[in-house]
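Just so you know, we're using our numbering here: the sequence shown kicks off at 1 and counts up by one.
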Amino acid sequence: MAGTLFARDLRSRPLVHDFLERFNGGELDDQHLLDWFDEYQALLLSPVMALFFNHGIVMEPHLQNAVLIHDNGRPQQLLLRDFEGVKLTEELGIKAIQVGLHPRIRQSLLYTREQGWNRITYCLLINNLSEAVLALSWERPHLAPLMWQRVERQLQCIRDELVLPAPELDALIAGQSIACKTNLKVRLAAKADREANYVRLASPWAKEARYA
1 MAGTLFARDL RSRPLVHDFL ERFNGGELDD QHLLDWFDEY QALLLSPVMA LFFNHGIVME
61 PHLQNAVLIH DNGRPQQLLL RDFEGVKLTE ELGIKAIQVG LHPRIRQSLL YTREQGWNRI
121 TYCLLINNLS EAVLALSWER PHLAPLMWQR VERQLQCIRD ELVLPAPELD ALIAGQSIAC
181 KTNLKVRLAA KADREANYVR LASPWAKEAR YA
């Protein structure tokens with residue numbers, strides 16, 4: 001599970017380094033870490049974005065729901081679990097269901113497009129990939145901006161492959177700020193995730209981030 005892979009040991013060292021060094025036979029060079037991250041983030045981003053824009057399906061791809069399948073340490077597949085939280089967008093996803101649904105069930109499945117986009121970008125970029133970048137660039141902070149550049153390039157490749165309009169992704173690639181869920185606030189208020197508020201964080205590939 002990715003949540004364990006990017007966690008820390010008692011010395012605050014990310015567990016992913018011991019995991020990768022076990023298969024590499026020693027300390028990893030920068031290029032190995034960059035390539036590993038590139039493989040991981042591509043497996044994570046592509047299906048989640050395609051499901052959202054092409055089918056109106058809203059996954060919940062945070063660290064605890066991501067299970068990495070590897071071959072001697074190299075990412076091969078990424079499985080997403082906990083489908084109980086999957087939602088469908090009003091303008092696309094729900095239309096694929098041909099059978100009648102009880103109104104309460106239908107309502108529980110529905111997200112607005114904005115709610116869906118906020119959820120997947122928060123889970124992908126803040127909860128998941130930010131932790132991956134932080135762990136993999138441990139004691140090598142120069143790697144972090146290079147990893148985010150690879151995320152930006154991957155998003156551009158995904159955009160080229162989508163079959164339906166994706167204005168939200170266009171804005172994200174252009175450097176629009178990223179939604180960050182106010183988890184503590186929604187938990188203290190004992191509210192459902194659909195009622196969560198979001199604050200905006202600067203994109204790591206926006207101009208102000210690059211030249212700060």
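Every residue, glycine too, gets a C-beta built ideally from N, C-alpha and C.
Because the structure is a prediction, the values reported are computed rather than measured.
- CA-CA distance, residue 29 to residue 120, rounds to 31 Å.
- For residue 32, the enclosing alpha helix (DSSP H) stretches over residues 30 to 55.
- Around the CB of residue 102, fewer than 16 other CB atoms lie within 10 Å, so the residue is classed as exposed.
- The residue from 177, 193, 69 and 162 with its alpha-carbon nearest to that of residue 199 is 177.
- At a Cβ-Cβ threshold of 7 Å, residue 159 and residue 38 do not count as neighbours.
- Annotation: the continuous beta strand (DSSP E) that includes residue 89 extends over 87 to 89.
- Apart from the 5 residues on each side of it in sequence, residue 163 sits with its Cβ closer than 7 Å to the Cβ of 54 in its chain, given in chain order.
- The segment 84 to 100 and the segment 57 to 66 touch, with three or more beta-carbon pairs separated by less than 8 Å.
- Of 109, 191, 62 and 146, the smallest CA-CA separation from residue 128 is found for 62.
- Cβ contact annotation for residue 64 (same chain, cutoff 6 Å, sequence separation greater than five): 3, in chain order.
- Excluding the 5 residues flanking it on each side, residue 117 has same chain C-beta neighbours closer than 8 Å at 52, 168 and 179, in chain order.
- Residue pairing of residue 75 in beta bridges, as defined by DSSP: 70.
- Between residue 14 and residue 8, the CB-CB gap stays under 7 Å.
- Around the beta-carbon of residue 192, fewer than 16 other beta-carbon atoms lie within 10 Å, marking it exposed.
- Scanning its chain for C-beta atoms nearer than 6 Å, with the 5 sequence neighbours on each side dropped, one finds around residue 40 the residues 75, in chain order.
- Its Cα nearest to that of residue 123, the residue 183 stands out among 143, 92, 20 and 183.
- The bridge partners DSSP lists for residue 179 are 200.
- The three-state secondary structure of residue 58, taken from DSSP, is strand.
- Under the DSSP assignment, residue 190 falls outside any alpha helix (DSSP H); it carries neither an H nor an E label.
- Closest in C-alpha terms to residue 34, from the list 133, 174, 46 and 185, comes 133.
- Residue 147: member of the alpha helix (DSSP H) spanning 143 to 161, first to last residue.
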